[in-house]
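Okay, structure first, notes after.
Protein chains: 2
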Amino acid sequence: MQVDEGIAILKENGHKYTDKRADILTYFIHAKGYRSAKALLAYMETSYTGISLDTIYRNLRLFEQLELLESREKNGEKLFKIACKSGTHHHHFICESCGLTKPLQKCPLPVYTEELADYHVNTHAFELYGLCPTCHNR
Amino acid sequence: MQVDEGIAILKENGHKYTDKRADILTYFIHAKGYRSAKALLAYMETSYTGISLDTIYRNLRLFEQLELLESREKNGEKLFKIACKSGTHHHHFICESCGLTKPLQKCPLPVYTEELADYHVNTHAFELYGLCPTCHNR
DNA sequence: TTTACAAATCGAAATGATTACGATAGAATA
DNA sequence: TATTCTATCGTAATCATTTCGATTTGTAAA
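Note that the protein sequences, when read in sequence, are chains P and S. Each step along the first sequence adds one to the number in UniProt numbering, with nothing skipped, and position 4 is 4. Each step along the second sequence adds one to the number in UniProt numbering, with nothing skipped, and position 43 is 43.
Here it is in C-alpha cells:
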C-alpha cells in the first residue's frame, strides 16, 4: 500500500486531499502493526500543533470504512493498522510489544472439518499473540 | 457450573455471600452466551430497584478475576459469559442463532509451530461461528 | 443473640475513549 | 477569483467504566 493509492481511493469516494490525511496514511504505512488513536495523535501533533481530536477520530473512521485501515479492540480502546492488500484470506501473529503483525500462511479451519461435520461454519476469528524475534531477544 | 460452586469459590477467596452475587451468577449460568454489563443491569433492576452501577461492574471484575466469568470486547463494550469449568484448554464453536457453544477438542496451535519457529507465542484467540445442526435444519 | 468490623452497596462524581457540533478554513472546479 | 462543498478547529456531549465517601450488611466471635 502506497500513500498515493490511499489518496486515490479517498478521491474516488468523493473525499478531498489534505496533508493531514496523507500523513495519517504515511504513519500507518510505516507502522508495521496496530496503533492507537492516542499514538496517532502524538505523532500528528509533532507536525500540526493543536490538531483536533475530531480530525483524528473522523479520519480513522473514514479510513476504516474505505478499508484502508483495519481495527481490533484491546483494553477498552480501538487499535488500527494498515489494511492487508492481499485479497486472500489469512490470519495474523501480533507482537504484544511493538505491535508488528505477521501474516500467517496457513488457516486452521481444515483442522475442524471432521469435528464439525454436522455444523455449518460461517466465519471464524483467529489471532496469535506474543513477541516477535526482535522484541523477544531484547 | 452451579451457583453454589461459584459462591464457594467466592468464600474461599475471602469474599462474602450476597443475594445480588448469587443472582448475577444465576443470570450468566442461564444465559447461553456473552452478555453486556448493560444487559445484566437490566436483569438485576427487575429484582433490585436502584442497584448501583458500582455493584454491577465491581462484581463483573471480581468474577472475571476469580475465573467464574470470561470476557471479550465488541463495539467498545466488554461482553461476559460463564467460564468453562473444564480446566483443560479448548476453543468453541458458537451458534449464531441459538447461542449454543460447543467446546472443540482440537487446538489449532500446532499448525503454526513451523511457521512461527522464531516467534514467542504467548496466547491466542480462536472462535468458530455458524449454525448448529438443529438451527441449520430449521 | 448481640456486638464488632471488614466487606459490599449506594448515589454520584470522575475518568478515558470516542463522537458530535457550530463556526471557520481550505480544496476543487469552473 | 468566485463558488461550493468538504475538512478542520475548539469544545461540549456521550458512552462505558471506574472511583469515592457514606451507609448498609454479612459473618464470625463474644
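Glycine is no exception: its CB is placed at the ideal position from the N, C-alpha and C atoms.
Beta-ladder partner(s) of residue i, from DSSP
i              : result
residue 134(P) : Answer by DSSP bridge pairing: none, since residue 134(P) is not bridged.
residue 93(P)  : 102(P) and 128(P)
residue 79(P)  : 36(P) and 72(P)
Short CB-CB distance (under 8 angstroms) between residue i and chain P
i              : result
residue 60(S)  : no
residue 126(S) : yes
residue 93(S)  : yes
residue 136(S) : yes
residue 132(S) : yes
residue 57(S)  : no
residue 13(S)  : no
residue 113(S) : no
residue 69(S)  : no
residue 129(S) : yes
residue 101(S) : no
residue 116(S) : yes
Residue i, buried or exposed, once every other Cβ within 10 Å from all chains shown has been counted against 16
i              : result
residue 31(P)  : buried
residue 85(P)  : exposed
residue 50(S)  : exposed
residue 91(S)  : buried
residue 11(S)  : exposed
residue 6(S)   : buried
residue 48(P)  : exposed
residue 124(P) : buried
Where residue i sits in the DSSP three-state scheme
i              : result
residue 15(P)  : coil
residue 32(S)  : coil
residue 123(P) : strand
residue 85(P)  : coil
residue 43(P)  : helix
residue 118(P) : coil
residue 6(P)   : helix
residue 51(P)  : coil
residue 66(S)  : coil
residue 113(P) : coil
Residue-level contact to chain S via CB, residue i, 8 angstroms cutoff
i              : result
residue 104(P) : yes
residue 190(P) : The requested residue 190(P) is not part of the displayed model; chain P covers only 1 to 138.
residue 119(P) : yes
residue 50(P)  : no
residue 73(P)  : yes
Distance between residue j and residue i (C-alpha atoms, nearest Å)
i              : j              : result
residue 1(S)   : residue 68(P)  : 44 angstroms
residue 146(P) : residue 110(S) : A question about residue 146(P) goes unanswered here, because the residues of chain P that appear run from 1 up to 138.
residue 88(P)  : residue 107(P) : 11 angstroms
residue 99(S)  : residue 120(P) : 14 angstroms
residue 54(P)  : residue 78(P)  : 15 angstroms
residue 117(S) : residue 83(P)  : 25 angstroms
residue 33(P)  : residue 64(S)  : 29 angstroms
residue 128(S) : residue 28(S)  : 21 angstroms
residue 94(S)  : residue 130(S) : 6 angstroms
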